[in-house]
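Chains as they are written, first to last, in the working numbering: chain A, 167 to 247; chain B, 18 to 303; chain C, 5 to 161; chain D, 25 to 800.
Even for Gly, the Cβ is constructed at its ideal location relative to N, Cα and C.
A quick write-up on the structure given underneath.
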């Protein structure tokens, strides 16, 4: 089970849950499980967040792999100048 | 809008006098073109005086120098004997804008634009300069401190313009200096500017002095009380402090995007002291 | 509205053009003569991107009326290289990476050439103050100043 | 490491990661260089098309006003006027019309209102109408004939005032995100975000020394020298062409197509050379207006902003109010760090406060940390990205407090940072563990640098600060087209702001094993390549590099296949090295290697054109840390601060072209000097900007600054074939704190408000403290 950490203000849509464990292999599976479990999450969650898998940050990448022992953080999407 | 470039003073006068709709004189144009572009002014006629020899010449007169109103700062700086006699005036002209602006900007334009922050005006006032005005009523020679009456306001009558500026003869043991403060090292409008001109007698006593300050009132101010603090004795720290205090005393500045009232008054004194020490040093070695 | 017929020389060539009284030299160079190497960054003489020389004198072409330049010699960035030979300043700017976006570069080159014509051995301080009317937001000026100083040394030798 | 003083030109090679490269790490002349030193290079306003009109914009003189009516009839009747547009020419976008575009999701309902005011004018300079006419004089005259009936409303400029009850409401339908909002109530707070881990209360209890400070910063403009400009041409059949100065022509195409209701592919967009962007040219302003005018007139329309319009109507970055509290033990271990950041967004949501909150304490390994951010609407132009958006504002405050607390416990500021510095595997202040990073390496390089070791002259002060930025990757495409003589055309879709055509071509030449002058890089239009995200987030040499290396490998794969056919051997028995195909496994005796030119010459016979292409969505951008060291002198009588020496030390991962890496470091530092000392927006009581020009918006000039020393630290980013990290943004993060810390060292006064302009500094000297918010 990968360890999932929600940052920013996502916990407002997850009954206050900031950390959870999920059995997911990709970011797409992660997004689907999160939005089914917490319907309050924004519909465009996957467009709003960046996903850090064991320290490497992914943006707009459904199929990046999540290992069973991965630590995954959902962050606000990062834009640059 | 019409553009004219007369060859003579009389042609310029008749053009200016004959025109309605706020005609403008064009010398270096570094203020005029910005105001045109910004729509601040919308003249029907622009009279370029750069084809008039008198407005473009630097000549000696009565031991001093007559400088055409449209002579650029760059040309002024390149005039060795004038620079040696009136380094403060030349420094003031040299402080106006960038090298590019120096190639165009003139003392006549700087004076007639009548900005309270004009750099050359306090230096010219300190130098005791006068300017030659020509108009339908003939010619007159007027002290520089009498030209500006308020921001953008001058005593020039319809059809009248500044033809040239006279820097008087420079006695021995005399020196002048101009300092201004700006937030950057270049390209800003003076937050405060101070011009000091003084002469020493054989014993090193101050025999004459003029002090002028800019950007602290609607027009540049001649400060007689500051001069009195210097004249008649040796210029020591006490005299300089008294002079600086006299300068601060006449300041009536405003708060704006370039500085605060308190800041301008404080720095006016600081610059007066620094300019005075430079002028004194120049007089001593002159 | 009446236009003015102006005869002048630009980069060594006789040029004639018609201009409105309110048109600046920069307007005519860019929009009528299509010499777009001179840039408009501010139109108020504060950025130097439109720098040209008139009779050898460095000016901002945004602060000159086109009607004023009759009979004068104008040099722009387009006239700086000699045929297929870049001016030493142009080559040094390339070698030293003294440009990033490049929009201020023509103005800097025209201004720097005017400096070296007038003072072949400038100090760093003299270079910095001479170029203070040319804004660059990319480079922090370091490589530009080094390029000008190195070109001056090269020309002297 | 490379020192700009020692190696400012020529072909000194930046040190590879133990590898020896032919092109990577050299200082080759950029391929677009000659065009840019001769005046040939075409920027946004340099294009002239036949029958082209001039477009101009009418802008709101009011900071906040209802627009009751707009009467354009007199303007339309003026001879020479070909089109007039208002809000009525843009269909509204549905609520929640939020689409992924470029780097961020874009709210098109906000965008359509920002490019052309609808119900209200929300800031001075907000576009109200636009005109296209045969020349500029007539267009200007036409604007003066447009009658607008405004109902002026109360306005608010300051973010803290905008949060108060009873403040004028900017967007009546705004729903606060991330916080409770009582039903029916209205607010200017668009968003609240919170980051951190541990429990700061526990951490502060462990502290021997706690310091708590409040700071303010002013909005600053990117200050690119080239104003926004474009030429739009729509034809009767609804197809369009757009030429513009932008950081991302694909992104601009998407925005414009959405706002005008066009098929994206019907719009062909070509990026001009860009005269600086720094984040400010990632959005559209004039472009949709020019297209709408051209659609009406069926003639090309050129629009270019004046410098005044750039200041009044385009996005600066946020001004902010910041609160920071840090606790340490006497031996220099940080026990807790806490911050509340209030960023002003302008008239629409979208300040970079979330990124500021994430970066605020990133240069430290912390057990107990929290950062809270608020995104606040005010009657100012909508903020746009500016170099490391959000980070410089937050790190100005946090790095000032870190410096003060190090001083309080008598510890050297760099040793203090080293003691608390994160490394690979450390949990970051915003959550994830750090990948390979160079924070410690930059701190050590700064500590050991001659600058830090040289004693100060009397009266001077020295300051240091460390900065962090994420960097990003993103969608990128590149194509290599092999020509019949063996030279190669490299087609890129990433706008080149500062020399990336050079760095990307160098990587292509390195991969192919050919001379750099055989690779001709160019930026293709939107029809020439697949999608490319914009140039921003310091992504181009990173993501573009991966795409170019991929395209080169694709090309090499085909070249090996052709050689295998030529020799009639299995392709597995062919290798590519030094620009030629070589047969391996014993074939070598009777087979001469095939150089690229040979294969190119015969490509028709061996199967036709040879093209290498690669399209990716690059991930795993390597974050970059930088540490700045600055010396200052202060004129105690006028309050003027002089920067006398400046050194930038930053991790580049790998410097592909060291000169342009140094250029990023130097440019960022000098922009930071302006931000620290003089740049600010000055508004009058009516919410009108008083300094909308380069005369009184004071960017540093050449004589204001010293040479900027640089040290390129290279801790490779494992996700890039050459180890590249983005370098463009981190350099603007540390300067404001470093300079403030240097002024504190010189005067013994800690400033908490930017800019440290002469009146403010002198007032502080007179008052004996740095909290002089009354001085302007």
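- Sequence-distant residues of the same chain with beta carbon closer than 6 Å to residue 110 of chain D, five excluded per side: Indexing the fourth chain from 1 puts residue 110 of chain D at position 86. Taken in chain order, the residues that qualify are 94 and 153.
- Collapsed DSSP secondary structure at residue 656 of chain D in the structure displayed: As a working mapping, residue 656 of chain D is identified with position 632 in the fourth chain. Residue state, collapsed to three classes: strand.
- Task: Taking only the alpha-carbon atoms, compute the straight-line gap between residue 175 of chain B and residue 157 of chain B and give it to the nearest angstrom.
- Result: Numbered from 1 along the second chain, position 158 holds the residue referred to as residue 175 of chain B. Numbered from 1 along the second chain, position 140 holds the residue referred to as residue 157 of chain B. For residue 175 of chain B and residue 157 of chain B, the distance between alpha carbons rounds to 14 Å.
- How is the alpha helix (DSSP H) around residue 83 of chain B delimited, first residue to last? The residue labelled residue 83 of chain B in the question sits at position 66 within the second chain. Where residue 83 of chain B is concerned, there is no enclosing alpha helix (DSSP H), although the beta strand (DSSP E) around it starts and stops at 81-85.
- Query: In the DSSP assignment, what are the bridge partners of residue 347 of chain D?
  - Reply: The sequence position of residue 347 of chain D within the fourth chain is 323, counting from 1. Beta-bridge partners assigned by DSSP to residue 347 of chain D: D:238 and D:364.
- Short Cβ contact (9 Å threshold) for residue 381 of chain D with residue 395 of chain D: Position 357 of the fourth chain holds residue 381 of chain D. Position 371 of the fourth chain holds residue 395 of chain D. The Cβ atoms of residue 381 of chain D and residue 395 of chain D sit closer than 9 Å to each other.
- Item | chain C contacts from the segment 54-66 of chain D (Cβ-Cβ distance under 9 Å) | So the close ones are 54, 56, 57, 58, 59, 60, 61, 62, 63, 64, 65 and 66.
- Message: Taking beta-carbon pairs under 7 Å, can you tell me which members of the segment 287-299 of chain D lie near chain C?
- Response: Residues of the segment 287-299 of chain D with a C-beta atom less than 7 Å from some C-beta of chain C are 297, 298 and 299, listed in chain order.
- Item | chain B contacts made by the segment 101-120 of chain C, where a contact means CB separation under 7 Å | Contacts with chain B (Cβ-Cβ distance below 7 Å) from the segment 101-120 of chain C involve 115, listed in chain order.
- Message: Quick check on residue 678 of chain D: does DSSP put it in helix, strand or coil?
- Response: Position 654 of the fourth chain, counted from the start, is the residue given in the question as residue 678 of chain D. Taken through DSSP and simplified to helix, strand or coil, residue 678 of chain D comes out as coil.
- Query: In whole angstroms, what is the alpha-carbon distance linking residue 26 of chain D and residue 671 of chain D?
  - Reply: Stepping through the fourth chain from its first residue, residue 26 of chain D is reached at position 2. Stepping through the fourth chain from its first residue, residue 671 of chain D is reached at position 647. At residue 26 of chain D, the pLDDT of 41 sits below 50, so the modelled position is not reliable and the matter cannot be decided from this model.
- Between the segment 55-84 of chain C and chain D, which residues of the former have CB atoms less than 8 Å from a CB of the latter, in chain order? Answer in chain order: 80, 81, 82 and 84.
- Rounded straight-line distance, which links the Cα of residue 279 of chain B to that of residue 220 of chain B: Counting from 1 along the second chain, the entry for residue 220 of chain B is found at position 203. Counting from 1 along the second chain, the entry for residue 279 of chain B is found at position 262. Distance from the CA atom of residue 220 of chain B to the CA atom of residue 279 of chain B, rounded to whole angstroms, is 38 Å.
- Task: Just the C-alpha distance for residue 38 of chain D and residue 679 of chain D, rounded to the nearest angstrom, thanks.
- Result: Position 14 of the fourth chain holds residue 38 of chain D. Position 655 of the fourth chain holds residue 679 of chain D. At residue 38 of chain D, the pLDDT of 38 sits below 50, so the modelled position is not reliable and the matter cannot be decided from this model.
- Message: With a threshold of 6 Å on Cβ separation, who are the neighbours of residue 111 of chain C within its own chain once the five nearest residues in sequence on each side are excluded?
- Response: Position 107 of the third chain, counted from the first residue, corresponds to residue 111 of chain C. Answer for residue 111 of chain C: 52, 53, 55 and 138, listed in chain order.
- Message: For residue 469 of chain D and residue 742 of chain D, which I take to be in contact (beta-carbon distance under 8 Å), what is that distance rounded to the nearest angstrom?
- Response: Along the fourth chain, one-based indexing puts residue 469 of chain D at 445. Along the fourth chain, one-based indexing puts residue 742 of chain D at 718. About 21 Å separates the beta carbon of residue 469 of chain D from that of residue 742 of chain D, a gap too long to meet the 8 Å contact definition.
- Query: What does residue 123 of chain C reach in chain D if we use C-beta pairs closer than 9 Å?
  - Reply: As a position in the third chain, residue 123 of chain C is number 119, starting the count at 1. Against residue 123 of chain C, chain D offers no close residue; the least beta-carbon distance is about 15 Å (beta-carbon pairs closer than 9 Å).
- Looking at residue 455 of chain D and the ligand PLP, is the gap between the Cβ and the nearest heavy atom below 8 Å? The model on display carries no ligand, and the ligand PLP is accordingly not part of it.
- Proximity of residue 296 of chain D and residue 551 of chain D at Cβ, strictly below 9 Å: Indexing the fourth chain from 1 puts residue 296 of chain D at position 272. Indexing the fourth chain from 1 puts residue 551 of chain D at position 527. Contact flag unset, no.
- Taking only beta-carbon atoms, is residue 693 of chain D less than 9 Å away from chain C? Start at 1 with the first residue of the fourth chain, and residue 693 of chain D comes out as number 669. With 9 Å as the cut-off, residue 693 of chain D counts as an interface residue toward chain C.
- Find the residues of chain C that neighbour residue 248 of chain D, judging by a C-beta separation of less than 7 Å, and give them in chain order. Reading the fourth chain from its first residue, position 224 is the one you call residue 248 of chain D. Within chain C, the residues near residue 248 of chain D are 141.
- Query: Does DSSP put residue 149 of chain B in a helix, in a strand, or in coil?
  - Reply: For the purposes of this step, residue 149 of chain B is taken as the residue at position 132 of the second chain. In this structure, residue 149 of chain B counts as strand in the three-state DSSP scheme.
- Query: Is residue 225 of chain A helix, strand or coil by DSSP?
  - Reply: Along the first chain, one-based indexing puts residue 225 of chain A at 59. The answer is strand: DSSP assigns residue 225 of chain A an E or B state.
- So, is the C-beta of residue 175 of chain A closer than 9 Å to a C-beta in chain D? By 1-based counting over the first chain, the position of residue 175 of chain A is 9. Yes, residue 175 of chain A counts as interfacial toward chain D.
- Mind checking which residues open and close the alpha helix (DSSP H) that includes residue 11 of chain D? Because chain D is modelled from 25 through 800, residue 11 of chain D falls outside the range shown and cannot be assessed.
- Who are the neighbours of residue 783 of chain D on chain B, taking C-beta pairs under 7 Å? Position 759 of the fourth chain, counting from 1, holds the residue named residue 783 of chain D. Those within 7 Å of residue 783 of chain D in chain B are 276, 277 and 280.
- In whole angstroms, what separates the C-alpha of residue 342 of chain D from that of residue 73 of chain B? By one-based count along the fourth chain, residue 342 of chain D stands at place 318. By one-based count along the second chain, residue 73 of chain B stands at place 56. Rounded to whole angstroms, the gap between the alpha carbons of residue 342 of chain D and residue 73 of chain B is 50 Å.
- Where residue 160 of chain B sits in the DSSP three-state scheme: Working through the second chain from its first residue, we reach residue 160 of chain B at position 143. Residue 160 of chain B: strand per DSSP, three-state reduction.
- Message: Can you give me the C-alpha to C-alpha distance between residue 151 of chain D and residue 73 of chain D, rounded to a whole angstrom?
- Response: Within the fourth chain, residue 151 of chain D is the residue found at index 127, counting from 1. Within the fourth chain, residue 73 of chain D is the residue found at index 49, counting from 1. Cα-Cα distance, rounded: 25 Å.
- Mind listing the chain D neighbours of residue 3 of chain C? Cutoff is C-beta to C-beta under 8 Å, in chain order. What is shown of chain C runs 5 to 161, which leaves residue 3 of chain C out entirely.
- Going by beta carbon distance, what residues of the same chain come within less than 8 Å of residue 120 of chain C, once the five residues before and after it are set aside? By one-based count along the third chain, residue 120 of chain C stands at place 116. Counting only Cβ-Cβ distances below 8 Å, and skipping sequence neighbours, we find 93, 126, 152, 155, 156 and 159.
- Message: So residue 287 of chain B contacts chain D; which residues on that side make the cut at Cβ distance below 8 Å?
- Response: Position 270 of the second chain, counted from the first residue, corresponds to residue 287 of chain B. Result: 661 and 662.
- Query: By Cβ distance below 8 Å, which residues in the same chain neighbour residue 222 of chain B in space, the five residues on each side in sequence not counted?
  - Reply: If you number the second chain from 1, residue 222 of chain B lands on position 205. Excluding residues within five positions, the ones whose Cβ falls inside 8 Å are 249, 250 and 251.
- Message: Which complete beta strand (DSSP E) runs does the segment 244-284 of chain D hold, if anything under 3 residues is left out?
- Response: Whole beta strand (DSSP E) segments, 3+ residues: 253-258 and 264-268.
- Mind reading off the beta-carbon distance from residue 495 of chain D to residue 562 of chain D? Whole number of angstroms is fine, and I expect it under 8 Å. In the fourth chain, counting from the first residue as 1, residue 495 of chain D sits at position 471. In the fourth chain, counting from the first residue as 1, residue 562 of chain D sits at position 538. With a contact defined as Cβ atoms closer than 8 Å, residue 495 of chain D and residue 562 of chain D qualify at about 5 Å.
- Message: Per the DSSP calculation, residue 451 of chain D is bridged to which residue(s)?
- Response: For the purposes of this step, residue 451 of chain D is taken as residue 427 along the fourth chain, with counting starting at 1. Beta-bridge annotation (DSSP): residue 451 of chain D is paired with D:457.
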